[in-house]
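Written below as structure tokens is the structure these notes are about.
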Amino acid sequence: MLTSRRKALTDGSSWRGSLNEDNQADSASIALDRSSSWELTANSYVTSISDKDASFANIKSNGHNIYYDASQNSALAGRTIDLPGGGKLLPQTKG
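Numbered according to UniProt numbering, the sequence shown spans residues 1 to 95.
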């Protein structure tokens, strides 16, 4: 069964939660503008992530990580980025 999860945070909105926490969705994407914020409650697995704040300072990790598909996020170039709150944005390893 094809499952897709999408979240867009715009216009100063905030969201507290996780996206695709169980890593079972075929596709999961999130987009944030500079004025919006995401507070993680668990690790999240995304196919794509875009953030108008290139420093990702609008994501409060609470020690949780966001794993992304490197093949779908060429702008991140496979980098690992430290997030506020002790977690990381990092490429998901297959296997």
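Glycine residues also receive a C-beta, built at the ideal position from the N, C-alpha and C atoms.
Check whether the Cβ atoms of residue 96 and T47 lie closer than 7 angstroms to each other.
Any question about residue 96 goes unanswered here, given that the chain covers just 1 to 95.
Restricting to Cα atoms, I'd like to know which of K88, N23, S44 and A42 is closest to S55.
Distance check between S55 and each of K88, N23, S44 and A42 places K88 closest, using alpha-carbon atoms only.
Find out if the Cβ-Cβ distance for the pair I66, S44 is shorter than 7 angstroms.
yes
Need the endpoints of the beta strand (DSSP E) that R16 sits in, please.
S14 to G17
Measuring only the C-alpha atoms, how far is T80 from Y68?
Near 10 angstroms, if we compare the C-alpha coordinates of Y68 and T80.
Provide the residue span of the beta strand (DSSP E) that contains L90, from first to last.
K88 to P91
Can you find the residues in the same chain that come closer than 6 angstroms, C-beta to C-beta, to I59, ignoring five residues on each side of it along the sequence?
W38 and L83
Counting only the same chain and skipping the five closest in sequence on each side, list residues whose C-beta sits under 7 angstroms from that of G12.
S35 and S36
Ignore the nearest five residues each way along the sequence and tell me which others in Q24's own chain have a CB closer than 8 angstroms to its CB.
If we look at Q24 and ignore the five residues flanking it on each side, its Cβ neighbours are T3.
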